[in-house]
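Below is one structure, written out as structure tokens; the observations come after it.
Residue numbers (our numbering), protein chains in the order written: chain A, 1 to 373; chain B, 1001 to 1369.
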């Protein structure tokens, strides 16, 4: 009995202490902001976001609402951040859009037209998922394509069950390509979609369907969307490179099926293909009578990367731009995966910096924001 | 057949534009002396009830706060595809602004959600289209992108997968459908309109060439999970979307990250709630994409409104090596005694005034000094 009383008394004391601690926290005189944090903390919200805790003791560097009112209309930290952005924009504008410096974290340039794989859960096989993987989302159907299905069992999955086979086909509306069995076992199955299969469905958005057959008799399908095309233009060779003022000029030659305005992009690397140098892009008007264009690299980019060459040009991304709104983008390809490109000593180029008049007004806008009071 | 459909559509757009041109404008302000054009996000009713041309043109879907500060609109229908009806509709409106000279001094586009993708596609192609139409391109000097979906969303991936396969788990199908206004049990792939363009691979294949327009990104990570009905939907969509999200769009998209990874912040040094800490953030950003503000408690739909939903933090990114800003003055540091085990200790940074003002008014007041 005595022990029970002692236990209750101890519990009451602990509750009192905790209440006191919270009360002190709530009454922290340091700021109005501290109160607002406490209010925020009372909401139940995103499960992924972290929360500011209630009852915080706050050090003296907190800005109060009153302080905020007495200062400039634009918070100083926002000004500083906008100055940071203006500075970053200035640095980037030193290099032309046609030849931006390329870095290993420029994923979107290094993986043009990429297929972003989706790990798909299955309704009829719990705790199991499958991912259909192809090299690109936009696929030249005149070239065979590797396809892979990766399997993943999560905790709770019945490990006595396994996938015994995977069939793959292309599907677009009611049209289907012939079914092809992938080779493999365990967690990875793979195969190659032949050109005949790729051409068995019309050009355009197509589902790559993968049917999984399980050892316990269940079947399930997962899919990845791709876009099939026949090239409207094919890059066949490069011409001799030359220096023109501050630019390295790289002539490019095509076979052209359909005239139009083409956006030709590619990545320039060191000759061994390991060091990224520049992402090149150029708009070219191509036709059966005009089959060539120029890619350019500005010396500002080459100097920033300390890359005098020789180089390797690869990762081609060729699109025919729509002439009018509503027209579909179509695509081109390169007959060869990569081309060697001759380089020149960096002092062969003139020294004028790149100047983009289109960037000037935008920079002034950002700078004005950064200096606003 | 397609040409006939296009001609009919263009005629309807032209007729509707004549009516809209005489509609009164209530705009009262610009941003730093530049006219503002609004590009709204995906409208949830579009898939089941596709709007007419005149309904699209008269749309005022961005928050009233921005409507009061806009001089133009680039409206579109979610029932259409980006490269089809959306491009035609947006370009028709843009031609009108080009003829009026609305952007001769430079315009700022304010986009929400899918409006980010629509704006990017328009900006890459408008020079060709305007030239072919005998007009000067609109001079866009910057964009402000709220909850930008230009990098795609897992919800669209699930919606398209569900239209192609009966093996997508029912809760995922239901939640994605609820957010996109589509019954994915009965809807066919071809009826998904712009949702098809919002698949991660598809969105990131559209108009990715570098250009000189700075894109200022605003990203949220909130979503009330307790609200009756929609709370359940949001709980599931937050599971479907990899990484941080605002219930519809993942952080990799709204931040403008170069890789569609499941990042947890727009910065590697700062959490959405403003806490300075090491976070799984983007290793690189898309060309000229600059995350400006993050907020832990704003969601996809309230982020453009003039409503306060908690504190807002500014993004630390070290855009340029060697350029450092001392933010120390604007931080909040929490310490704890040994027995205060429930406290989250550390340093937080916030934008002053975000305890009472809306994120949108903070942006506007900052930019329109």
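Even glycine gets a Cβ: it sits at the ideal position worked out from N, Cα and C.
Practice item. Check the Cβ-Cβ distances between residue 1326 of chain B and every residue of chain A, and say whether any is below 9 Å. Key: Your numbering for residue 1326 of chain B matches position 326 in the second chain. Residue confidence for residue 1326 of chain B is low, a pLDDT of 30 falling below 50, so the modelled location carries little weight and cannot support an answer.
Check your understanding: Using a C-beta to C-beta distance shorter than 8 Å, which residues of chain B count as neighbours of residue 106 of chain A?
Key -> To locate residue 106 of chain A, count along the first chain from 1; it is residue 106. Residues of chain B passing the Cβ test: 1258, 1284.
**Study point:** C-beta neighbour in chain A for residue 1034 of chain B, strict 9 Å
**Key:** Residue mapping note: residue 1034 of chain B aligns to position 34 of the second chain, counting from 1. Closer than 9 Å to some Cβ of chain A, the Cβ of residue 1034 of chain B qualifies, so yes.
Review point. If contact means a Cβ-Cβ distance below 7 Å, which residues of the stretch 1206 to 1230 of chain B contact chain A?
Key: 1208, 1209, 1210, 1211, 1212, 1213, 1214, 1221, 1222, 1223, 1224, 1225, 1226
Point to revise | Inter-residue Cα distance where the pair is residue 1361 of chain B and residue 1188 of chain B | key: Position 361 of the second chain, counted from the first residue, corresponds to residue 1361 of chain B. Position 188 of the second chain, counted from the first residue, corresponds to residue 1188 of chain B. So the two alpha carbons sit approximately 41 Å from each other.
Check your understanding: Are there three or more Cβ pairs, one per stretch, closer than 8 Å when the stretch 1146 to 1157 of chain B is compared with the stretch 1240 to 1260 of chain B?
Key -> yes
Check your understanding: What is the C-beta distance between residue 375 of chain A and residue 330 of chain A, in whole angstroms, given that I count them as a contact (C-beta under 8 Å)?
Key -> Outside the modelled stretch of chain A, which goes from 1 to 373, sits residue 375 of chain A, for which no answer is possible.
Review point. Hey, quick one: how far does the beta strand (DSSP E) through residue 140 of chain A stretch, first residue to last?
Key: Position 140 of the first chain, counting from 1, holds the residue named residue 140 of chain A. Per DSSP, residue 140 of chain A belongs to the beta strand (DSSP E) from 138 to 140.
**Study point:** Among A/172, A/149, A/293, nearest to residue 188 of chain A - alpha-carbon criterion
**Key:** The residue you call residue 188 of chain A lines up with position 188 of the first chain. Checking every option, the nearest Cα to that of residue 188 of chain A belongs to A/149.
Practice item. Assign residue 1249 of chain B to one of two classes, buried (16 or more other C-beta atoms within 10 Å of its C-beta) or exposed (fewer than that). Key: The residue you call residue 1249 of chain B lines up with position 249 of the second chain. The residue is buried, with at least 16 neighbouring Cβ atoms inside 10 Å.
Practice item. List the residues of chain B that residue 232 of chain A touches, going by C-beta distances under 9 Å, in chain order. Key: Stepping through the first chain from its first residue, residue 232 of chain A is reached at position 232. Going along chain B, no residue has its Cβ under 9 Å from residue 232 of chain A, so there is no contact; the nearest lies around 15 Å.
Check your understanding: Under the rule that 16 or more other beta-carbon atoms within 10 Å means buried, what is residue 1166 of chain B, buried or exposed?
Key -> On the second chain, residue 1166 of chain B is found 166 positions in, with the first residue counted as 1. By the neighbour-count rule (16 or more Cβ atoms within 10 Å), residue 1166 of chain B is not buried but exposed.
Review point. Which class does residue 1350 of chain B belong to by DSSP, given the choice of helix, strand or coil?
Key: Within the second chain, residue 1350 of chain B is the residue found at index 350, counting from 1. Residue 1350 of chain B: coil per DSSP, three-state reduction.
Review point. In chain order, what residues of the same chain have a beta carbon less than 7 Å from the beta carbon of residue 337 of chain A, not counting five sequence neighbours either side?
Key: Residue 337 of chain A sits at position 337 when you count from the first residue of the first chain. Contacts found: 314.
Point to revise | Residue nearest to residue 1203 of chain B in terms of C-alpha spacing, selected from B/1314, B/1118, B/1311, B/1030 | key: Here residue 1203 of chain B refers to the residue found at position 203 of the second chain. Cα-wise, what sits closest to residue 1203 of chain B is B/1118.
Check your understanding: Among A/92, A/118, A/322, which has the Cα closest to the Cα of residue 1206 of chain B?
Key -> Your numbering for residue 1206 of chain B matches position 206 in the second chain. Minimum Cα distance to residue 1206 of chain B is reached at A/322.
Check your understanding: From what residue to what residue does the alpha helix (DSSP H) around residue 1252 of chain B run?
Key -> Numbered from its first residue, the second chain carries residue 1252 of chain B at position 252. Its alpha helix (DSSP H) spans residues 1251 to 1255.
Practice item. Tell me, to the nearest whole angstrom, how far the beta carbon of residue 1346 of chain B is from that of residue 1269 of chain B; I am working on the premise that it is less than 8 Å. Key: The residue you call residue 1346 of chain B lines up with position 346 of the second chain. The residue you call residue 1269 of chain B lines up with position 269 of the second chain. Incorrect: roughly 12 Å between the Cβ atoms, too far for contact.
Review point. Which word fits residue 1109 of chain B, buried or exposed, when buried means at least 16 other C-beta atoms lie within 10 angstroms of its C-beta?
Key: Taking the first residue of the second chain as 1, we reach residue 1109 of chain B at position 109. It is buried - the Cβ of residue 1109 of chain B has at least 16 other Cβ atoms within 10 Å.
Check your understanding: In whole angstroms, what is the alpha-carbon distance linking residue 97 of chain A and residue 1212 of chain B?
Key -> Numbered from its first residue, the first chain carries residue 97 of chain A at position 97. Numbered from its first residue, the second chain carries residue 1212 of chain B at position 212. Taking the straight line joining both Cα atoms gives about 7 Å.
Review point. So the alpha helix (DSSP H) residue 1122 of chain B belongs to, where does it begin and stop?
Key: Walking along the second chain from the start, residue 1122 of chain B turns up at place 122. It spans 1115 to 1132 - the alpha helix (DSSP H) in which residue 1122 of chain B sits, taken as one unbroken run.
Point to revise | Within-9 Å CB hit, residue 1201 of chain B to chain A | key: Residue 1201 of chain B sits at position 201 when you count from the first residue of the second chain. Yes, residue 1201 of chain B lies at the interface with chain A (some Cβ there is under 9 Å from its Cβ).
Exercise for review: Give me the Cα-Cα distance between residue 1171 of chain B and residue 1363 of chain B, rounded to the nearest whole angstrom.
Suggested key: Taking the first residue of the second chain as position 1, residue 1171 of chain B is located at position 171. Taking the first residue of the second chain as position 1, residue 1363 of chain B is located at position 363. Rounded to whole angstroms, residue 1171 of chain B to residue 1363 of chain B spans 37 Å at the Cα level.
Review point. Where does residue 1238 of chain B land, buried or exposed, given buried means 16+ other C-beta within 10 angstroms?
Key: The sequence position of residue 1238 of chain B within the second chain is 238, counting from 1. With 16 or more other Cβ atoms within 10 Å, it is buried.
Practice item. Compare the C-alpha of residue 145 of chain A against each of A/153, A/160, A/128, A/194 and name the closest. Key: Within the first chain, numbered from 1, the residue matching residue 145 of chain A stands at position 145. Checking every option, the nearest Cα to that of residue 145 of chain A belongs to A/194.
Check your understanding: How many Å lie between residue 1240 of chain B and residue 1173 of chain B at the Cα?
Key -> By 1-based counting over the second chain, the position of residue 1240 of chain B is 240. By 1-based counting over the second chain, the position of residue 1173 of chain B is 173. For residue 1240 of chain B and residue 1173 of chain B, the distance between alpha carbons rounds to 10 Å.
Exercise for review: List the residues of chain A that residue 1169 of chain B touches, going by C-beta distances under 8 Å, in chain order.
Suggested key: Position 169 of the second chain holds residue 1169 of chain B. Residues of chain A passing the Cβ test: 121, 122, 123.
**Study point:** Coil, strand or helix - residue 1248 of chain B by DSSP
**Key:** For this step, residue 1248 of chain B is matched to residue 248 along the second chain. DSSP places residue 1248 of chain B in coil when its eight states are reduced to three.
Review point. Under 9 Å between C-beta atoms, does residue 1382 of chain B make it to chain A?
Key: With chain B running from 1001 to 1369 in the structure shown, residue 1382 of chain B is simply not present.
Check your understanding: Can you list, in chain order, the residues of its chain whose CB lies under 7 Å from that of residue 1157 of chain B, leaving out five sequence neighbours each side?
Key -> Position 157 of the second chain, counting from 1, holds the residue named residue 1157 of chain B. Answer for residue 1157 of chain B: 1199, 1200, listed in chain order.
**Study point:** Exposed unless 16 or more other CB atoms sit within 10 angstroms - verdict on residue 1136 of chain B
**Key:** On the second chain, position 136 is the one that residue 1136 of chain B refers to. It counts as exposed.
Check your understanding: Contact check, residue 208 of chain A vs residue 224 of chain A under 8 Å by CB: the rounded distance?
Key -> What you label residue 208 of chain A is simply residue 208 of the first chain in a count that begins at 1. What you label residue 224 of chain A is simply residue 224 of the first chain in a count that begins at 1. Yes, they are in contact, since the Cβ atoms of residue 208 of chain A and residue 224 of chain A sit about 5 Å apart, within 8 Å.
Point to revise | Under 7 Å by beta carbon: chain A residues contacting residue 1182 of chain B | key: By 1-based counting over the second chain, the position of residue 1182 of chain B is 182. Correct list: empty, because the minimum Cβ distance to chain A is about 16 Å.
**Study point:** Nearest neighbour of residue 135 of chain A, chosen from A/126, A/129, A/110 [CA to CA]
**Key:** By 1-based counting over the first chain, the position of residue 135 of chain A is 135. That would be A/110, whose Cα lies nearest to the Cα of residue 135 of chain A.
Exercise for review: Compute the Euclidean distance between the alpha carbons of residue 1175 of chain B and residue 76 of chain A, then round it to the nearest angstrom.
Suggested key: Locating residue 1175 of chain B in the second chain gives position 175, counting from the first residue. Locating residue 76 of chain A in the first chain gives position 76, counting from the first residue. Approximately 41 Å between the Cα atoms of the pair.
Check your understanding: Terminal residues of the continuous beta strand (DSSP E) containing residue 1194 of chain B?
Key -> Taking the second chain and counting its residues from 1, the one referred to as residue 1194 of chain B is at position 194. Note, residue 1194 of chain B: premise wrong, no beta strand (DSSP E); not H, not E.
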